Ligand code: NDP
Ligand code: ZN
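In full-length UniProt numbering, the protein residues as written are 1 to 351.
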């Protein structure tokens, strides 16, 4: 079969590979909607997880089941399914401890385009099908549903990690598709003020539609000064980080009130250390918490998030700015993710 792969750090291309084989608890899926992720960009062009050779890229997909293993109970040939980017091993001790995204070792619930071939192929393999697939609800657009694979659960996980409460003032640093879902999630969780940090005009417009009350342009001045100015020097209750770099954490600590929480979902592709400013961290006694996490993945989360789309509480279609038809266009879609033109939020390719 044909697949679009990372050939090595900084190199991508089409390759031929044997189609994946189905294990007893697994499924083989044919993609019907796929999307490239900024994480693919970190992986390929920053070499963020190290060298990978001829590994098929992509971890965001909606597809059709073509084969299931003998012990799979709830899915069959022909089912249309949402596939989460993170597909944990649900029998692992890490999953039993509540950290299924780290099943088998740190970040090891993230399998597609990390430890095994991803979804930018004619077929892909899903481990633990009953635990990781979710039926695509009748009538749901596969492209909009594809945002449930990674963008919605990751953005929402930032909200969970920051533990947003009713009435909180929240800063969301980064309003690409992930940060936009953090804005939407913070609004659903009852934040009062949502300060969205970004610059691309499309993202700014959509951030307002998802519930941002204030926009902070980090290119037009220091974030810390702008937030402290808008909060009369008090700072905010929660900060969600969905963009920026290792230096963003120092800014986040500075704008946080004592007792506040940072929820980071940004994939730090570069830099060796994160610095915490001593004074603003209360000389170690500020009760300011930093939580960072890979999104949890799995079937239940997919089903619950899909129900938000079904009931009209969340419209994921606003994220899609570029739509392509035909798998051959995944290359162009990935290059858009790399170059981030001003009108881009998220590209999707349907088959
Ligand atoms: P985008 O690149 O589309 O968005 C990044 C955002 O951060 C943009 O709004 C950008 O602003 C802003 N930004 C960039 N630099 C700075 C800075 N120095 N200070 C403040 N804001 C800045 O990324 P995505 O939304 O696609 O993804 C966000 C991150 O989430 C990525 O690192 C991705 O790899 C990661 N990710 C993590 C997952 C997880 O499970 N934890 C899963 C999926 C993704 P501008 O408007 O100027 O572009
Ligand atoms: Zn991703």
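A virtual CB, placed ideally from N, CA and C, is assigned to each residue, including glycine.
Quick caveat, the model's predicted, so the values are computed rather than measured.
Next on the checklist: Can you determine whether any heavy atom of the ligand NDP sits closer than 6 Å to the C-beta of residue 150, and answer yes or no?
Outcome noted: As a first step, residue 150 must be located in the chain shown, where it is residue number 150. Because some heavy atom of the ligand NDP lies under 6 Å away, the Cβ of residue 150 counts as near it: yes.
Checklist entry - Residues in its own chain within less than 7 Å of residue 256 by CB, not counting five upstream and five downstream? => result Locating residue 256 in the chain shown gives position 256, counting from the first residue. Within the same chain, 235, 236, 239, 262 and 288 come within 7 Å of residue 256 by CB-CB distance, once the 5 residues on both sides are set aside.
Checklist entry - Which ranges does the alpha helix (DSSP H) cover as unbroken runs of at least 4 residues, wholly within the segment 179-262, from first to last along the chain? => result 201-210, 223-230 and 248-255, all fully within the segment 179-262.
Next on the checklist: In whole angstroms, give me the CA-to-CA distance for residue 33 and residue 223.
Outcome noted: Reading the chain shown from its first residue, position 33 is the one you call residue 33. Reading the chain shown from its first residue, position 223 is the one you call residue 223. When rounded, the distance between both Cα atoms is 37 Å.
Next on the checklist: Please state the DSSP three-state secondary structure of residue 327.
Outcome noted: Here residue 327 is taken as the residue at index 327 of the chain shown, counted from 1. DSSP places residue 327 in helix when its eight states are reduced to three.
Item to check | Residue of 41, 56, 40 and 52 minimising C-alpha distance to residue 3 | outcome: Stepping through the chain shown from its first residue, residue 3 is reached at position 3. Out of 41, 56, 40 and 52, 56 has the C-alpha closest to the C-alpha of residue 3.
Next on the checklist: Using a 10 Å radius around the Cβ and a threshold of 16 neighbouring Cβ atoms, would you call residue 311 buried or exposed?
Outcome noted: Numbered from its first residue, the chain shown carries residue 311 at position 311. Counting Cβ neighbours within 10 Å, residue 311 comes out exposed, since fewer than 16 surround it.
Checklist entry - Any heavy atom of the ligand ZN closer than 6 Å to the CB of residue 184? => result Counted from its first residue, the chain shown places residue 184 at position 184. Not under cutoff, so the answer is no.
Checklist entry - Less than 7 Å separating the beta-carbons of residue 95 and residue 88? => result Locating residue 95 in the chain shown gives position 95, where the first residue counts as 1. Locating residue 88 in the chain shown gives position 88, where the first residue counts as 1. The Cβ atoms of residue 95 and residue 88 lie closer than 7 Å to each other.
Checklist entry - Touch check for the segment 159-174 and the segment 133-149: three-plus C-beta pairs under 8 Å? => result Touching, no.
Item to check | Chain-order list of residues whose beta-carbon lies under 8 Å from that of residue 227 (same chain, five-residue window excluded) | outcome: Here residue 227 is taken as the residue at index 227 of the chain shown, counted from 1. Take residue 227, set aside five residues on each side of it, and the residues of its chain with a beta-carbon closer than 8 Å to its own are 171, 195, 216, 235, 236 and 255, in chain order.
Checklist entry - Under the criterion of a Cβ to heavy atom distance below 6 Å, does residue 175 qualify as lining the ligand NDP? => result By one-based count along the chain shown, residue 175 stands at place 175. At least one heavy atom of the ligand NDP lies less than 6 Å from the C-beta of residue 175.
Checklist entry - In terms of alpha-carbon separation, which member of 59, 54 and 211 lies closest to residue 197? => result In the chain shown, the residue the question calls residue 197 occupies position 197. Checking every option, the nearest Cα to that of residue 197 belongs to 211.
Item to check | Nearest candidate by alpha-carbon position, reference residue 82, set 304, 122 and 167 | outcome: Locating residue 82 in the chain shown gives position 82, counting from the first residue. For residue 82, the nearest C-alpha among the options comes from 304.
Item to check | Cβ-Cβ separation, residue 117 to residue 20 (assumed contact under 8 Å), whole Å | outcome: Position 20 of the chain shown, counted from the start, is the residue given in the question as residue 20. Position 117 of the chain shown, counted from the start, is the residue given in the question as residue 117. Confirmed, Cβ separation roughly 7 Å.
Item to check | Validate contact between the segment 101-116 and the segment 264-284 using beta carbons, cut 8 Å, 3 pairs | outcome: With the cut-off at 8 Å, the segment 101-116 and the segment 264-284 do not touch.
Item to check | Reduced DSSP secondary structure (H/G/I, E/B, other) of residue 270 | outcome: Against the chain shown, residue 270 aligns to sequence position 270. It is coil, neither helix nor strand.
Checklist entry - To which residues of the same chain is residue 13 closer than 7 Å at the C-beta, ignoring the five residues directly before and after it? => result Within the chain shown, the letter at position 13 stands for residue 13. Around residue 13: 5 and 7.
Next on the checklist: Can you give me the C-alpha to C-alpha distance between residue 16 and residue 30, rounded to a whole angstrom?
Outcome noted: Here residue 16 is taken as the residue at index 16 of the chain shown, counted from 1. Here residue 30 is taken as the residue at index 30 of the chain shown, counted from 1. The straight-line gap from Cα to Cα measures roughly 16 Å.
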